[in-house]
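Residue numbers (our numbering): 85 to 488.
Spelled out as structure tokens, the structure:
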């Protein structure tokens with residue numbers, strides 16, 4: 085027999101103070117912890133005296149058994165830089181609905197960035213119109229122009245998001261942010277110092293969210309694995325590439341691409357760069373820029389705002405995971421509607437898996453075959469086990485051949 089009883093749901097905060105929220109979620113966590121010892125289920129826990137649940141919560145926290153505090157989610161509206169958003173999105177247990185840098189205009193952090201954003205929007209618009217003519221409406225061309233021009237804008241530009249995190253993990257993020265701040269202040273470079281300042285603001289704001297009370301700390305000495313250099317001072321980017329049932333893939337990608345890549349929660353993504361001199365790995369150039377003169381102009385312009393750390397700055401990226409989860413990534417990114425940079429890098433990964441087919445298990449070879457056509461990478465609308473409900477301008481044959 086299976087029987088399900090709903091015992092808790094999320095709701096909007098209505099007049100509840102941060103201190104009250106902390107107390108209420110602590111009480112709930114203590115009740116949830118009691119389930120482990122209840123002979124007759126949660127109903128007996130619900131009717132217990134609150135003091136008993138609170139005492140249980142305190143003991144559970146002190147003993148390091150923090151999973152009971154993860155049942156309750158705290159949903160926040162966060163206004164922050166794109167870089168802070170990326171750091172928060174690197175936590176696998178979080179949920180995010182974020183302002184799109186692809187479909188909305190972004191606000192630059194300096195006059196120079198703003199001027200380049202508009203300049204390259206206009207230049208890219210001309211190239212889109214020249215190459216693709218009537219394939220897009222004027223509105224679509226305008227959007228595509230801004231989508232690619234945003235590579236000129238700082239990764240510290242402002243964004244906003246609705247962000248949900250388990251109650252437990254707020255306290256862990258506070259620990260990790262404080263530890264990262266301490267490490268960043270020992271490092272050199274404008275990026276590191278700016279991130280340190282923003283992390284201090286994050287700590288202040290999250291502390292207010294939980295009413296100023298630090299219920300417990302991370303006892304496992306974890307950290308933001310997304311940025312090992314900034315978190316630990318260690319350049320952890322010497323992993324060896326391997327393509328099998330468990331894989332490690334290395335690439336150079338822009339901040340803008342990584343912001344898309346890290347959203348695949350089942351995969352592990354980390355980036356490595358010093359944060360000292362900007363552009364140590366170079367800068368991304370949109371494929372639509374096809375002449376040497378335009379390419380040189382783009383690189384000169386983006387380098388001129390290097391001290392602002394534009395989203396087109398390349399970083400060293402390591403992606404690790406299971407092949408079966410990589411296939412799920414393909415069902416998102418091997419698409420004509422996906423950002424071109426991440427589609428192209430995913431396409432290259434598919435080709436590498438095809439080259440190392442013998443390293444996959446028999447069933448994973450079957451999975452690989454479903455994302456190939458004639459032995460080559462295929463757009464997701466060509467997968468036999470995927471049905472597209474979005475529609476696009478490209479179709480299966482055009483998605484991988486596009487330049488925008």
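Note that the Cβ used here is the ideal one computed from N, Cα and C, for glycine as well.
Discussion item. Could you tell me the alpha carbon to alpha carbon distance between residue 400 and residue 357, rounded to whole angstroms?
Written reply: Here residue 400 refers to the residue found at position 316 of the chain shown. Here residue 357 refers to the residue found at position 273 of the chain shown. Approximately 7 Å, taken between the alpha carbons.
Discussion item. According to DSSP, simplified to helix, strand and coil, what is residue 229?
Written reply: Position 145 of the chain shown, counted from the start, is the residue given in the question as residue 229. Helix, per DSSP.
Worksheet item: Taking the continuous alpha helix (DSSP H) assigned at residue 312, which residues delimit it?
Response: Residue mapping note: residue 312 aligns to position 228 of the chain shown, counting from 1. Counting along the chain, the alpha helix (DSSP H) containing residue 312 begins and ends at 312-316.
Worksheet item: residue 352 bridges to which residues according to DSSP?
Response: Your numbering for residue 352 matches position 268 in the chain shown. Paired residues: 404.
Worksheet item: What first and last residue would you give for the beta strand (DSSP E) that runs through residue 161?
Response: Reading the chain shown from its first residue, position 77 is the one you call residue 161. Taken as a continuous stretch (DSSP letters only), the beta strand (DSSP E) holding residue 161 covers 157-165.
Worksheet item: Are there 16 or more other CB atoms within 10 angstroms of the CB of residue 214, so buried, or fewer, so exposed?
Response: Working through the chain shown from its first residue, we reach residue 214 at position 130. With fewer than 16 Cβ atoms within 10 Å of its Cβ, residue 214 is classed as exposed.
Practice prompt. Report buried or exposed for residue 128, applying the criterion of at least 16 other Cβ atoms within 10 angstroms of its Cβ.
Written response: What you label residue 128 is simply residue 44 of the chain shown in a count that begins at 1. With fewer than 16 Cβ atoms within 10 Å of its Cβ, residue 128 is classed as exposed.
Fill in: Length of the line joining the Cα atoms of residue 469 and residue 417
Stepping through the chain shown from its first residue, residue 469 is reached at position 385. Stepping through the chain shown from its first residue, residue 417 is reached at position 333. When rounded, the distance between both Cα atoms is 15 Å.
Item to complete: Compare the C-alpha of residue 316 against each of 267, 275, 302 and name the closest.
Response: Here residue 316 is taken as the residue at index 232 of the chain shown, counted from 1. Ranking the options by Cα distance to residue 316, first place goes to 267.
Worksheet item: Can you tell me whether DSSP reads residue 207 as helix, strand or coil?
Response: Start at 1 with the first residue of the chain shown, and residue 207 comes out as number 123. Correct three-state label for residue 207: helix.
Worksheet item: For residue 395 versus residue 308, is the C-beta spacing smaller than 8 Å?
Response: What you label residue 395 is simply residue 311 of the chain shown in a count that begins at 1. What you label residue 308 is simply residue 224 of the chain shown in a count that begins at 1. Not a contact, by the Cβ cut-off of 8 Å.
Item to complete: Could you tell me how far apart the beta carbons of residue 249 and residue 167 are, in whole angstroms, since I believe they sit closer than 8 Å?
Response: On the chain shown, residue 249 is found 165 positions in, with the first residue counted as 1. On the chain shown, residue 167 is found 83 positions in, with the first residue counted as 1. The pair is not a contact, with the Cβ atoms about 18 Å apart (cut-off 8 Å).
Fill in: Reference residue 392, options 253, 238, 184, 463, closest by Cα
Residue numbering aside, residue 392 sits at position 308 when the chain shown is read from its first letter. Among 253, 238, 184, 463, the Cα nearest to that of residue 392 belongs to 238.
Item to complete: Would you tell me roughly how many angstroms separate the C-alpha atoms of residue 465 and residue 152, rounded to the nearest one?
Response: Here residue 465 refers to the residue found at position 381 when the chain shown is read from its first residue. Here residue 152 refers to the residue found at position 68 when the chain shown is read from its first residue. Near 41 Å, if we compare the C-alpha coordinates of residue 152 and residue 465.
Discussion item. Using only CA atoms, which one of 220, 351, 288, 114 lies nearest to residue 134?
Written reply: Here residue 134 is taken as the residue at index 50 of the chain shown, counted from 1. Answer by Cα proximity: 114.
Discussion item. If I measure Cβ to Cβ from residue 409 and keep anything under 7 Å in the same chain, skipping five residues before and after, which residues do I get?
Written reply: Here residue 409 refers to the residue found at position 325 when the chain shown is read from its first residue. Closer than 7 Å at the Cβ level, and outside the excluded window around residue 409, lie 350, 351.
Worksheet item: Bridge partners of residue 238, per DSSP?
Response: Sequence index remark: in the chain shown, residue 238 carries index 154 (1-based). In DSSP, residue 238 forms a bridge with 394.
Worksheet item: Nearest to residue 150 by CA position, among 99, 412, 116, is which residue?
Response: As a first step, residue 150 is located in the chain shown; it is residue number 66 there, counting from the start. Of the listed residues, the one whose Cα sits closest to residue 150 is 116.
Practice prompt. Could you pull the start and end residues of the beta strand (DSSP E) that residue 334 belongs to?
Written response: Reading the chain shown from its first residue, position 250 is the one you call residue 334. Here the beta strand (DSSP E) through residue 334 covers 330-338.
Discussion item. According to DSSP, simplified to helix, strand and coil, what is residue 461?
Written reply: Stepping through the chain shown from its first residue, residue 461 is reached at position 377. Residue 461: strand per DSSP, three-state reduction.
Worksheet item: Nearest to residue 147 by CA position, among 322, 174, 302, is which residue?
Response: Working through the chain shown from its first residue, we reach residue 147 at position 63. Closest option to residue 147, Cα to Cα, is 302.
Worksheet entry | Same chain only: Cβ atoms within 6 Å of residue 319, ignoring 5 sequence neighbours per side | If you number the chain shown from 1, residue 319 lands on position 235. Result list for residue 319: 313, 356, in chain order.
Worksheet entry | Own chain residues within Cβ distance below 7 Å of residue 321, not counting five before or after | Mapped onto the chain shown, residue 321 falls at position 237. Same-chain partners within the cutoff: 356, 400, 402.
Worksheet item: If you run the structure through DSSP and keep just helix, strand and coil, what is residue 188?
Response: Within the chain shown, the letter at position 104 stands for residue 188. Reduced to three states, the DSSP call for residue 188 is coil.
Fill in: residue 383 to residue 367 span [Cα, whole Å]
Position 299 of the chain shown, counted from the first residue, corresponds to residue 383. Position 283 of the chain shown, counted from the first residue, corresponds to residue 367. Cα to Cα, the separation comes out at about 7 Å.
Worksheet item: Between the beta-carbon of residue 438 and the beta-carbon of residue 456, is there less than 8 Å?
Response: Stepping through the chain shown from its first residue, residue 438 is reached at position 354. Stepping through the chain shown from its first residue, residue 456 is reached at position 372. Cβ atoms of residue 438 and residue 456: closer than 8 Å.
Discussion item. My output table needs one value for residue 484: the three-state DSSP class, helix, strand or coil.
Written reply: Stepping through the chain shown from its first residue, residue 484 is reached at position 400. DSSP places residue 484 in coil when its eight states are reduced to three.
Worksheet item: Around the Cβ of residue 385, are there at least 16 other Cβ atoms within 10 angstroms (buried) or fewer (exposed)?
Response: The residue labelled residue 385 in the question sits at position 301 within the chain shown. Answer is buried; the Cβ neighbour count reaches 16.
Fill in: Three CB pairs or more closer than 8 Å across the segment 285-295 and the segment 242-260
yes
Worksheet item: Can at least three beta-carbon pairs, one atom from the segment 368-378 and one from the segment 162-179, be found at a separation below 8 Å?
Response: no
Item to complete: May I ask which residues mark the beginning and end of the alpha helix (DSSP H) holding residue 388?
Response: As a working note, residue 388 is residue 304 in the chain shown. Per DSSP, residue 388 belongs to the alpha helix (DSSP H) from 376-388.
Worksheet item: From residue 106 to residue 97, what distance separates their C-alpha atoms?
Response: What you label residue 106 is simply residue 22 of the chain shown in a count that begins at 1. What you label residue 97 is simply residue 13 of the chain shown in a count that begins at 1. Distance between the alpha carbons of residue 106 and residue 97: 12 Å.
Item to complete: Tell me where the beta strand (DSSP E) around residue 326 begins and ends.
Response: Position 242 of the chain shown, counted from the start, is the residue given in the question as residue 326. Here residue 326 belongs to no beta strand (DSSP E), and DSSP marks it neither H nor E.
Discussion item. Contact defined as beta carbons within less than 8 Å: I believe residue 188 pairs with residue 141. What is the distance between those atoms, to the nearest angstrom?
Written reply: What you label residue 188 is simply residue 104 of the chain shown in a count that begins at 1. What you label residue 141 is simply residue 57 of the chain shown in a count that begins at 1. 42 Å between Cβ atoms; not a contact.
Worksheet entry | Beta-carbon gap between residue 160 and residue 343 smaller than 8 Å | In the chain shown, the residue the question calls residue 160 occupies position 76. In the chain shown, the residue the question calls residue 343 occupies position 259. Contact flag unset, no.
Worksheet item: Between residue 397 and residue 363, which are expected to be in contact by the criterion C-beta below 8 Å, what is the C-beta distance as a whole number of angstroms?
Response: Along the chain shown, one-based indexing puts residue 397 at 313. Along the chain shown, one-based indexing puts residue 363 at 279. The pair is a contact, with the Cβ atoms about 6 Å apart (cut-off 8 Å).
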